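Chains as they are written, first to last, in the numbering used here: chain A, 168 to 619; chain B, 8 to 431. Cβ atoms here follow ideal geometry from the backbone N, Cα and C, with glycine treated the same way. Remember, predicted model here, so these are calculated numbers, not experimental data.
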């Protein structure tokens with residue numbers, strides 16, 4: 168019989184080494200980062216342009232997204248359906264999308280189909296058709312897509328919460344824009360957006376898989392070397408953030424059976440080199456064993472899950488908390504989140520810190536197992552300007568954080584009076600409306616319309 | 008295809024536990040994957056959702072593992088863990104750095120052998136509440152969240168393993184008692200009702216020894232006998248349901264009864280789904296999204312289990328008034344596909360290229376490879392069945408796709424319409 172009362176003793180450490188990267192540039196200035204990983208006959212390829220929806224003029228919000236929807240509707244010698252047939256025949260999975268800060272092209276293909284896939288992608292990037300008939304169809308489809316997602320409680324919550332968090336700033340607007348701004352967009356706006364922002368000097372390429380760097384560079388030069396758009400845009404997005412709001416807000420959604428809760432605060436001083444912040448998040452709400460989840464799910468059973476994260480982009484940073492609870496526990500959940508903040512603010516244990524460090528450091532081999540996860544990380548390091556040696560020093564940087572570092576950050580961050588607490592749901596069913604503070608009702612534009 | 012030749016070794020312990028081992032030392036990672044041969048199909052009327060709720064209870068600690076400790080041990084060791092419930096099985100899995108294999112075996116063996124010693128009313132009530140919130144979050148409070156539940160209740164009669172939702176009905180979840188949990192564990196969670204797969208950077212002999220160390224002394228209970236399902240094969244009449252939901256855009260759905268996983272018709276059904284909606288040039292997408300532009304999108308897919316299956320088509324109309332025309336277009340296109348003499352060779356080749364990519368992509372990660380090894384062991388009793396599975400698609404022809412379309416899609420069907428409440 169074995170002794171099951173103690174966990175097995177683990178011998179040895181897995182030495183982690185971040186994969187070797189090759190760095191090069193194309194003749195037209197695209198930075199290319201690649202890693203040769205021949206474990207499977209697959210290649211993941213990403214081309215990112217650092218011009219996302221924050222460059223949409225306010226009256227034309229949604230332009231960046233609509234351009235990504237249009238750009239593969241015909242390119243080079245192929246019309247929309249022919250182009251799709253060419254890509255689909257290869258079995259290649261091509262994705263084109265954008266977020267607030269970037270436009271993303273990516274595909275994963277079998278090695279044997281890589282060159283043809285790259286050729287087709289290069290045609291999309293260099294020679295999109297932007298036909299009027301395709302535009303009319305895609306615009307209508309995008310407007311309908313927005314109407315469709317506007318029924319989803321998490322979309323409604325995120326959309327309204329962003330407006331509270333980021334205010335009069337393009338980070339406060341969903342990449343969809345709204346029905347009015349989408350209606351304003353014309354085909355000429357998309358053509359201008361393409362001419363202004365789809366430029367090689369703002370692009371980077373990251374590639375991981377079964378192709379050596381010399382061969383990759385040769386193919387990129389062959390297919391993208393003659394991509395030579397030059398920008399003449401002088402549009403400067405609003406990047407300054409309004410003074411952060413605080414307090415409790417809600418949006419009434421009659422008939423909903425759950426509350427979506429979002430809590431947040433702007434954290435302009437936090438970036439991805441802030442290792443105490445990374446560790447603090449693990450302890451507070453970053454995984455299923457965190458304080459937040461332990462209280463709301465495992466102790467109280469009022470949610471399926473509660474999580475936190477630092478949303479760190481190039482120009483903004485925020486600490487965000489999210490959960491969904493049944494309506495009658497809406498304000499109980501908010502009070503519990505506040506109590507977890509109070510506890511973490513004054514009382515983090517050495518054991519919790521060691522757990523967080525162990526998790527982050529030992530997870531590295533798993534984090535970079537697949538070509539997609541590795542390439543996604545490489546891409547992220549580059550577009551965030553973190554340096555490609557970030558993970559070479561990651562373990563020592565994590566290990567050098569003291570309990571005092573994390574506790575000091577927690578005591579500065581978790582001042583609950585500075586946070587925005589926001590919930591959506593059917594206000595007639597907020598049975599536990601027992602807050603001893605004023606709460607504000609907002610409409611879907613983020614405007615305060617009532618107070619309780 | 009050579010890439011799909013995945014070497015593995017199979018063993019069986021004296022208590023009936025089936026073991027699959029697969030060695031790949033290209034990365035210092037291991038994956039542990041357990042398939043308990045019980046799923047939502049085994050839930051009884053009035054006791055729906057039990058398989059899924061029990062999956063939650065398996066993370067609540069066992070005799071030697073404290074509540075909430077399972078995830079903490081795994082994450083602290085640099086791993087990930089989770090579980091999932093389908094109609095056919097309940098799956099638990101971990102991925103870890105390869106030096107942590109013994110930790111995962113200790114944790115998994117403790118809950119297989121000693122769960123009930125630590126299960127109590129508090130844990131059960133807590134997880135019932137969590138699951139109720141899961142249901143509210145993912146189904147009741149989601150637009151179109153009840154579509155699958157409503158479609159399956161129309162497609163399959165009461166007592167059929169597909170009739171009720173995997174997560175269960177709210178009132179049934181509330182009724183689950185500690186006695187139910189005890190019985191459920193004894194009936195279904197024995198070593199002989201389980202497949203354990205370990206894949207990755209392992210040594211075959213040492214891994215088998217460690218598995219024996221942790222699992223060999225777990226007592227086997229007699230697994231409950233196979234359920235007597237109501238597997239009536241076809242709908243006796245067309246069924247129609249419309250309901251009004253908190254949505255802004257209507258959706259329509261059509262469902263036909265088909266056949267089970269690994270049935271000889273399966274690959275033709277998958278190919279048919281691709282030919283109808285797999286890309287912009289597929290028959291329904293081209294017709295409804297590009298040519299007539301009546302729809303926002305259209306999609307066809309199969310929902311199959313070891314017991315039965317269905318073929319589903321859904322579409323998002325741009326206008327409610329076009330629904331009848333869209334329905335007519337869908338059925339006309341199916342009829343044309345069956346009756347025309349047109350070759351589908353190009354469409355079939357495109358579909359097969361996509362399936363080939365998905366096969367290769369699915370085995371890149373050790374964890375998904377482990378899950379597929381468990382899956383093949385369970386369904387066809389041969390873990391290294393990757394190549395055979397892929398080769399099945401090379402037998403698809405224009406004639407076989409048309410034959411399958413005629414065999415299933417000309418029979419009675421279910422139609423479901425989800426309409427915006429405001430348009431009532």
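Going along the region 381-412 of chain B in order, which residues come within less than 8 Å of chain A, judged by CB to CB distance?
Within the region 381-412 of chain B, no residue has a Cβ that lies closer than 8 Å to any Cβ of chain A.
Kindly confirm or deny that the region 406-419 of chain A and the region 536-547 of chain A touch, where touching means at least three C-beta pairs closer than 8 Å.
With a cut-off of 8 Å on Cβ pairs, the region 406-419 of chain A is not in contact with the region 536-547 of chain A, counting fewer than three such pairs.
Leaving out the 5 sequence neighbours to the left and right, which residues in its chain are closer than 8 Å to residue 350 of chain B when beta-carbon positions are compared?
Excluding positions up to five away in sequence, the list reads 405.
If you drop the 5 nearest sequence neighbours on each side, which residues of the same chain put their C-beta closer than 6 Å to that of residue 172 of chain B?
Closer than 6 Å at the Cβ level, and outside the excluded window around residue 172 of chain B, lie 156.
Compute the distance between the beta-carbons of residue 616 of chain A and residue 527 of chain A, then report whether it is under 8 Å.
No, the Cβ-Cβ distance between residue 616 of chain A and residue 527 of chain A is not below 8 Å.
Classification of residue 254 of chain B by the beta-carbon crowding that lies within 10 angstroms, buried from 16 upward
It counts as buried.
Apart from the five residues just before and just after residue 618 of chain A, which ones in its own chain have a Cβ nearer than 6 Å to its Cβ?
Counting only Cβ-Cβ distances below 6 Å, and skipping sequence neighbours, we find 605, 607.
Can you tell me which of the three DSSP states residue 394 of chain A falls into?
Reduced to three states, the DSSP call for residue 394 of chain A is coil.
Thinking C-alpha only, which one of A/483, A/582, A/490 is nearest residue 453 of chain A?
Of the candidates A/483, A/582, A/490, the one whose C-alpha sits nearest the C-alpha of residue 453 of chain A is A/490.
Through-space distance from residue 188 of chain A to residue 554 of chain A, alpha-carbon basis:
Each residue's alpha carbon lies about 12 Å from the other.
For residue 614 of chain A, count neighbouring C-beta atoms within 10 Å of its own C-beta (all shown protein chains included) and say buried if the count is 16 or more, exposed if not.
Residue 614 of chain A is classed as exposed because its beta carbon has fewer than 16 other beta carbons within 10 Å across all chains shown.
How about residue 257 of chain A and residue 140 of chain B: are their beta carbons less than 8 Å apart?
No, the Cβ-Cβ distance between residue 257 of chain A and residue 140 of chain B is not below 8 Å.
Quick check on the burial criterion: 16 or more other C-beta atoms within 10 angstroms. Buried or exposed for residue 403 of chain A?
Residue 403 of chain A should be labelled exposed.
Under 9 Å from the C-beta of residue 293 of chain B: neighbouring residues of chain A:
Correct list: 248.
Which same chain residues, not among the five before or five after residue 268 of chain A, have their C-beta less than 6 Å away from its C-beta?
If we look at residue 268 of chain A and ignore the five residues flanking it on each side, its Cβ neighbours are 219, 480, 481.
Write down the C-beta distance between residue 92 of chain B and residue 46 of chain B rounded to the nearest angstrom, noting that I regard them as a contact closer than 8 Å.
Residue 92 of chain B to residue 46 of chain B, Cβ: 6 Å. Contact.
Which residue spans inside the region 349-416 of chain B form an unbroken alpha helix (DSSP H) run of at least 4?
List check, alpha helix (DSSP H) in window: 352-369, 373-387, 393-400, 405-416.
How about residue 275 of chain A: is its C-beta nearer than 8 Å to some C-beta of chain B?
Residue-level contact by beta carbon holds for residue 275 of chain A and chain B, with a gap shorter than 8 Å.
Is residue 188 of chain B near residue 126 of chain B, with beta carbons less than 8 Å apart?
Contact: yes.
Let me see if you follow: with CB-CB separation under 8 Å, is residue 431 of chain B close to chain A or not?
With a pLDDT of 35 at residue 431 of chain B, under the threshold of 50, the modelled position of this residue cannot be trusted; read the value that follows with caution. No, residue 431 of chain B does not count as interfacial toward chain A.
Nearest-angstrom Cβ-Cβ length linking residue 533 of chain A and residue 85 of chain B, presumed shorter than 8 Å:
So it is a contact: roughly 6 Å between Cβ atoms.
Got a sec: is the Cβ-Cβ distance from residue 256 of chain A to anything in chain B below 8 Å?
By this cut-off, residue 256 of chain A is an interface position.
With residue 357 of chain A and residue 230 of chain A assumed to form a contact (beta carbons below 8 Å), what rounded beta-carbon distance in angstroms separates them?
That belief holds up - the Cβ atoms of residue 357 of chain A and residue 230 of chain A are roughly 7 Å apart, short of 8 Å.
Would you list the residues sitting across from residue 305 of chain B in a DSSP beta bridge?
BP columns for residue 305 of chain B point to B/322.
Determine whether the Cβ of residue 172 of chain A lies closer than 8 Å to any Cβ atom of chain B.
Residue-level contact by beta carbon holds for residue 172 of chain A and chain B, with a gap shorter than 8 Å.
For the region 77-92 of chain B, list every residue whose C-beta sits within 8 Å of some C-beta in chain A, in sequence order.
Contact annotation: in the region 77-92 of chain B, residues whose CB is within less than 8 Å of a CB in chain A are 78, 79, 80, 82, 83, 84, 85, 86, 87.
Contacts that residue 304 of chain A makes with chain B (C-beta to C-beta distance below 7 Å):
Under the 7 Å cutoff, chain B gives 300.
Interface residues of chain B facing residue 206 of chain A [CB-CB closer than 8 Å]:
What residue 206 of chain A touches in chain B: 33, 34, 371.
Residue span of the beta strand (DSSP E) that contains residue 73 of chain B, given as start and end:
For residue 73 of chain B, there is no enclosing beta strand (DSSP E), since its DSSP letter is neither H nor E.
Is residue 170 of chain B near the ligand FAD, with its Cβ less than 7 Å from a heavy atom?
In the structure shown, the ligand FAD is absent, as is every other ligand, since no ligand is present at all.
Could you please give me the residues that DSSP links to residue 617 of chain A through a beta bridge?
For residue 617 of chain A, which the question treats as bridged, DSSP gives the partners A/608.
Which listed residue (A/422, A/486, A/389, A/375) has its alpha carbon closest to that of residue 430 of chain A
The shortest C-alpha separation from residue 430 of chain A is found at A/486.
How close, in whole Å, do the beta carbons of residue 546 of chain A and residue 213 of chain A come, if the pair is a contact with beta carbons under 8 Å?
The C-beta distance from residue 546 of chain A to residue 213 of chain A rounds to 5 Å, short enough to fall under 8 Å.
Using a 10 Å radius around the Cβ and a threshold of 16 neighbouring Cβ atoms, would you call residue 264 of chain B buried or exposed?
Under this definition residue 264 of chain B is a buried residue.
Suppose the cutoff is 6 Å on Cβ atoms and the five residues either side in sequence are ignored; what does the same chain contact list for residue 338 of chain A look like?
For residue 338 of chain A, where only same-chain residues beyond five positions count, the Cβ hits under 6 Å are 267, 483.
Kindly list, in the order they appear in chain A, the residues whose Cβ is closer than 8 Å to that of residue 140 of chain B.
Annotation: Cβ neighbours of residue 140 of chain B in chain A (cutoff 8 Å, chain order): 425, 468, 469, 470, 471, 491, 492, 493.
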